[in-house]
């Protein structure tokens with residue numbers, strides 16, 4: 001078993017509970033970790049026997065383009081779309097960072113960590 005991780009995917013998107021957040025947009029960062037068996041791919045040096053993380057990036061990018069009120073919804077959708085695309089995955093973890101959210105004081109990010117088994 002191995003973990004494949006995409007770390008620090010950056011997006012500008014229009015998520016947020018308040019209308020002004022969805023109108024103005026914000027910077028987001030997405031990290032995805034998936035757990036899978038890579039033995040066949042490693043032995044045969046064959047991309048078709050592993051998880052093509054380019055596809056994971058495209059899933060994240062497509063879902064980030066769809067405005068949602070909650071980052072929880074975005075993380076949930078990313079995880080479930082990855083699972084739908086790669087049903088043999090054992091564990092999927094999506095960490096969605098909303099960079100410098102407007103909370104009345106300095107905050108580096110608000111995060112949701114969603115785990116799908």
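Numbering (full-length UniProt numbering), first residue to last: 1 to 117.
All residues carry an ideal CB built from backbone N, CA and C; glycine is no exception.
Distance between residue j and residue i (C-alpha atoms, nearest Å)
i           : j           : result
residue 113 : residue 20  : 24 Å
residue 99  : residue 106 : 11 Å
residue 53  : residue 111 : 22 Å
residue 4   : residue 25  : 29 Å
residue 61  : residue 11  : 7 Å
residue 33  : residue 104 : 32 Å
residue 9   : residue 109 : 14 Å
residue 82  : residue 71  : 17 Å
residue 170 : residue 102 : Residue 170 lies beyond the stretch modelled for the chain, which goes from 1 to 117, so this question has no answer here.
Where residue i sits in the DSSP three-state scheme
i           : result
residue 18  : coil
residue 111 : strand
residue 70  : coil
residue 85  : helix
residue 96  : strand
residue 1   : coil
Neighbour-count burial assignment, residue i, 16 or more Cβ in a 10 Å radius
i          : result
residue 15 : buried
residue 2  : exposed
residue 42 : exposed
residue 23 : exposed
Beta-carbon proximity check, residue i vs residue j, cutoff 8 Å
i          : j          : result
residue 85 : residue 63 : no
residue 69 : residue 17 : yes
residue 89 : residue 57 : no
residue 59 : residue 50 : no
Residue i: CB within 7 Å of a non-hydrogen atom of the ligand NAD
i          : result
residue 42 : Annotation note on the ligand NAD: not contained in the displayed structure, which lists no ligands.
- prompt: Any chance the region 85-97 sits against the region 61-77, with 3 or more Cβ pairs inside 8 Å?
  reply: yes
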